[in-house]
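Throughout, the working numbering is defined as the position within the sequence shown, counted from one, plus 1. A virtual CB, placed ideally from N, CA and C, is assigned to each residue, including glycine. Everything numeric in this text was worked out from a predicted model, so none of it was measured.
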Amino acid sequence: MLFAFLLVAIGSFLRLHVIYESATFLGDQGRDAIIMRNIAMLRDLPALGPITSVGSIYLGPLYYYLMAPWLWLSGFNPIGPAIGIALITSACLVFQYIAVKEMVNKQTALLSLAFSTFSWVLVEYSRFSWNPNLLPQTTLFVVYTLYKIVKTKQLKYFVLHGLLLSLAIQLHYLAVFLIPISIVVLLFNDINDLPAGRQGRKDPLLLHIGNSAILAFSFILPLAPFLLFEVIHSFPNFRSILHFSSTNSGSSNTPFQNELMNSLQNTLQFATQFNFTEVWVTTVGLFLLGLFIYTLRRSEKISYIVGALLVMVVGVSFYRGPKYAHYVGGAYLLFYITASYVLVQLGKWNKYIGVFITALVLGVFINLNVQRYYFLYEPEHQNQIDKAHRVAQTIISMNPTDAYTLTFSPEAYADYPYRYFLDVLNKKPISKEADSYSQSDSLFVVCEAQCNPMSDPQWAIAHFNPVKVAGAKTIPEYPWLKVYKLTK
């Protein structure tokens with residue numbers, strides 16, 4: 002137990018150390034901060050969440066509502082949601098240990114906790130605010146509550162499972178593949194009985210229907226704003242999903258088995274920071290399949306973890322685009338637990354061989370991941386939050402009018418962090434949504450490196466149609482940034 006507390010302490014340190022100076026605060030985080038602030042100030046209660054990277058498909062808004070209190074608690078400093086993510090993921094290390102200890106055994110729980118503590122991909126995605134960042138932990142607890150439903154048949158786990166499943170698919174759309182896992186497990190297990198002492202009070206069929214209805218209600222309730230929006234607006238997101246599903250399936254000539262190999266290879270590489278060859282990827286894939294069949298036949302509880310891991314990897318393979326680290330986020334903790342279980346079983350077969358291989362694997366893993374801890378080695382950090390604040394102050398010092406707009410060159414989307422602080426400083430520009438039809442009399446362009454805003458082809462600048470540069474300022478702390486004021 003002492004070793005477990007030590008690992009949690011180390012994990013918390015890695016997730017919180019110099020978080021303000023090194024936290025990511027780019028376009029997505031600036032956009033989210035604006036929405037969270039509107040929620041915290043009761044300006045606007047959104048029915049939609051973040052837009053996905055695959056087109057006009059939006060997630061549900063639950064992530065915004067979960068993170069808005071952290072922004073409010075920080076006095077609307079955008080480090081608040083980042084600290085919230087770091088604290089939540091640190092606490093989840095404790096809950097992970099408890100869950101795995103119950104589902105598998107103490108040794109597997111401790112070893113998987115060690116992998117999770119030092120995992121660069123988990124540490125990195127715990128140090129800033131972004132909707133996919135909580136998916137690894139949410140996926141594990143979806144599987145755990147599913148196991149608890151089957152084992153205890155207690156009503157509270159039906160409720161928790163529905164809530165966590167709803168949260169997962171609002172963190173990232175690829176978490177939708179958790180739904181068939183729940184359906185299959187619940188269909189093929191006897192979940193009709195109530196807890197001991199109450200079995201005879203109701204008909205089993207009615208109990209089954211009632212429990213299923215409660216789980217469905219718990220799943221739908223957090224999605225209610227999203228579903229209401231869909232009904233009112235003739236299901237635009239569902240239509241976009243159907244369109245994407247039809248075009249995505251034919252957007253690549255790559256055979257599915259190649260996509261599957263790519264998904265598994267990316268999962269292994271991101272989870273371990275080690276480049277696996279194709280032979281090793283194939284070997285690991287076949288081993289996982291064999292392990293699932295073996296543990297399922299023996300009714301071992303680890304089969305929940307291994308089965309969910311396989312489904313998540315297969316599910317990602319249906320997406321034919323690049324597989325980024327957060328796309329396979331749902332698989333990381335499942336992989337660490339599975340790998341830990343295998344190493345523990347090896348130790349049971351031969352104590353000395355097991356200890357040697359476990360120490361070797363864990364040592365190599367920690368060495369590979371520690372090398373990626375840039376926040377421990379950087380002489381100077383990015384200070385993206387401070388940079389956005391200084392840019393906003395610079396714009397205000399250039400006397401913007403009431404009707405002004407803002408963009409960033411070369412990427413217009415990157416201006417959201419500046420827009421957030423301008424709103425906080427009570428000098429809000431015309432919103433991006435209103436910019437296409439509202440008349441502005443000045444445009445501020447934030448340039449990174451050299452740029453010529455008068456001839457920049459970016460749509461926001463061309464639409465404004467500037468006549469002259471009315472002013473320009475360089476920020477001393479960030480000399481590569483320059484702010485231009487354009488007028489008509």
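Coil, strand or helix - residue i by DSSP
i      : result
Pro480 : strand
Leu46  : coil
Leu224 : helix
Glu301 : coil
Glu381 : coil
Phe77  : coil
Ser410 : strand
Ile431 : coil
Ser57  : coil
Tyr353 : helix
Leu426 : coil
Phe445 : strand
Tyr261 : Checking the displayed sequence, the identity of residue 261 turns out to be Leu instead of Tyr. Correct three-state label for Leu261: helix.
Pro458 : coil
Ala450 : coil
Lys474 : strand
Lys324 : coil
Lys486 : strand
Lys107 : helix
Lys154 : coil
Tyr405 : strand
8 Å contact criterion, which residue i and residue j should meet: CB distance rounded
i      : j      : result
Asn106 : Pro51  : In fact, because the Cβ distance is near 38 Å, the residues do not count as touching under 8 Å.
Ser246 : Ser57  : About 14 Å separates the two Cβ atoms, so there is no contact after all.
Tyr65  : Asp29  : No, Tyr65 and Asp29 are not in contact; Cβ-Cβ is about 12 Å, not under 8 Å.
Gln108 : Val345 : 5 Å
Lys349 : Tyr479 : Not really, about 56 Å apart at Cβ, beyond 8 Å.
Arg373 : Trp71  : So it is not a contact: roughly 26 Å between Cβ atoms.
Gly61  : Phe227 : 4 Å
Val160 : Tyr305 : Not really, about 19 Å apart at Cβ, beyond 8 Å.
Phe376 : Ala326 : So it is not a contact: roughly 17 Å between Cβ atoms.
Ser183 : Leu147 : 6 Å
Leu166 : Leu179 : 6 Å
Phe277 : Leu290 : About 16 Å; that fails the 8 Å criterion.
Cβ-based burial, residue i [other Cβ within 10 Å; buried from 16]
i      : result
Gly12  : buried
Lys352 : exposed
Trp281 : exposed
Gly81  : buried
Met42  : exposed
Val468 : exposed
Asn466 : exposed
Arg38  : buried
Arg44  : exposed
Gln97  : buried
Met455 : exposed
Val177 : exposed
Lys483 : buried
Val19  : exposed
Given residue i as reference, the closest of the options once Cα atoms are compared
i      : options                        : result
Phe6   : Phe178, Tyr145, Val95          : Val95
Lys154 : Phe129, Leu208, Arg128         : Leu208
Trp460 : Leu482, Tyr295, Pro430, Phe409 : Phe409
Val186 : Ser219, Lys152, Ala463         : Lys152
Leu487 : Glu478, Gln30, Gly472, Leu188  : Gly472
Leu59  : Ile294, Tyr174, Ser318         : In the sequence on display, residue 59 carries Tyr and not Leu. When each option's Cα is compared against that of Tyr59, the closest is Tyr174.
Leu172 : Tyr479, Phe277, Phe218, Leu224 : Leu224
Ala110 : Ser318, Val425, Val9           : Val9
Ala340 : Ala326, Tyr328, Gly355         : Gly355
Phe288 : Glu260, Leu123, Lys324, Leu265 : Leu265
Ser213 : Tyr417, Met455, Gly163         : Gly163
Arg16  : Ala87, Phe230, Ala169, Ala450  : Ala87
Leu423 : Ile386, Glu449, Met455         : Ile386
Cys93  : Phe239, Val314, Pro79, Ser127  : Ser127
Met68  : Arg321, Pro323, Val55, Ala83   : Ala83
Glu434 : Tyr417, Lys428, Leu136, Tyr485 : Tyr417
Thr25  : Ala415, Lys428, Thr283, Pro477 : Ala415
Ile303 : Pro411, Val371, Ala100         : Ala100
Gly322 : Thr90, Ile358, Pro458, Asn263  : Asn263
Leu310 : Tyr320, Val329, Phe319, Ser300 : Val329
Ile476 : Val470, Glu449, Gln274         : Glu449
Phe4   : Leu49, Leu168, Phe257, Leu112  : Leu112
Residue i CB to nearest heavy atom of the ligand MG below 7 Å
i      : result
Phe178 : Although the ligand MG was asked about, the structure shown includes no ligands whatsoever.
Proximity test, Cβ basis, 8 Å: residue i and chain C
i      : result
Asn466 : In the structure shown, chain C cannot be found, because there is only a single protein chain.
If you pair each beta-carbon of the region 135 to 149 with each one of the region 328 to 341, do three or more pairs fall below 8 Å?
yes
Does the region 441 to 455 come close enough to the region 398 to 407 to have 3 or more Cβ pairs within less than 8 Å?
yes
Would the region 362 to 378 count as touching the region 103 to 118 if we require 3 or more Cβ pairs under 8 Å?
yes
Assess contact between the region 286 to 305 and the region 219 to 239, defined as three or more Cβ pairs (one per stretch) separated by less than 8 Å. Is contact present?
no
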